[in-house]
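Here's the structure, in structure tokens; my notes come after.
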Amino acid sequence: EAGVAQSPRYKIIEKRQSVAFWCNPISGHATLYWYQQILGQGPKLLIQFQNNGVVDDSQLPKDRFSAERLKGVDSTLKIQPAKLEDSAVYLCASTLLPGLAGDEQFFGPGTRLTVL
Amino acid sequence: GENVEQHPSTLSVQEGDSAVIKCTYSDSASNYFPWYKQELGKRPQLIIDIRSNVGEKKDQRIAVTLNKTAKHFSLHITETQPEDSAVYFCAASPPGGVQFYFGTGTSLTVIP
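Chains as they are written, first to last, in my numbering: chain A, 1 to 116; chain B, 117 to 228.
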């Protein structure tokens, strides 16, 4: 069954290194989200795209995190340089219709990042 | 912005008993409230949702109730089974932005 795809599934890096995550949402889904889920906590929104435009990046640590969705389809999230506190699962999610409240959100399997 | 609080953080019940998880929200304009189940190492999956024009919704052993006046909503699981063991997250979504604000999660353990 086609769903939200993410890669890699796991990544271990040293602090101060760089890392990039990739997400391919469900075909046709206009809105894409990146969440950070620290162990024992709920997902925290990092950035939200609608097509290729940024809707909300207020909680993205812009000094080290960046994200893009150039063609309005797949997206990459980058951390440079990584800190120990960045260890978390990074979840990508998508919804079908832009601007429609109550649209079901589909999650990818996540990328588990460990920063040593 | 919206703030969602979720209680309890952990919950253990005997198989066959009921489990109730409660969430409160701060933005009275929020009008969509999904509940997600996340098994260990897996992605969150939607199990039930409710919109603000409805007070209660039921799907087999799972029900959600919404009190808009008090700004709280609850997940009810009846006749719990070991496979219900997971972390459950509530979320609230204000209108227009398709944004989701998550609670901190409840780790449910069903003891056989």
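No residue lacks a Cβ here, since even glycine has one placed at the ideal position from N, Cα and C.
Taken in chain order, the members of the segment 55 to 67 of chain A whose beta-carbon sits within less than 9 Å of a beta-carbon on chain B are VAL55, ASP56 and SER58.
Any Cβ of chain A closer than 8 Å to the Cβ of PRO124(B) would place that residue at the interface, and such an atom is absent. For ALA135(B), same chain residues with a beta-carbon under 7 Å away, outside a window of 5 residues either side, are LEU127, VAL129, ILE193, THR196 and LEU224 in chain order. Within the model, the alpha-carbon separation for LYS153(B) versus THR222(B) is close to 10 Å. Three or more beta-carbon pairs drawn from the segment 104 to 112 of chain A and the segment 3 to 15 of chain A are found closer than 8 Å, and the two stretches are therefore classed as touching.
In the assembly as shown, ARG16(A) is an exposed residue. Its beta-carbon has fewer than 16 other beta-carbons within 10 Å. Within the same chain, and ignoring the five residues on either side of PRO81(A) in sequence, the residues whose Cβ sits closer than 8 Å to its Cβ are LYS15, ARG16, GLN17, SER18 and ARG64. Exposed is the label assigned to THR185(B), since fewer than 16 other Cβ atoms lie within 10 Å of its Cβ. Its chain contains GLU118, VAL120, TYR141, SER146, PHE149 and TYR217 as the residues whose beta carbon lies nearer than 6 Å to that of ALA208(B), once the 5 sequence neighbours on both sides are disregarded; these appear in chain order. Here GLN176(B) is exposed. Its C-beta has fewer than 16 other C-beta atoms within 10 Å.
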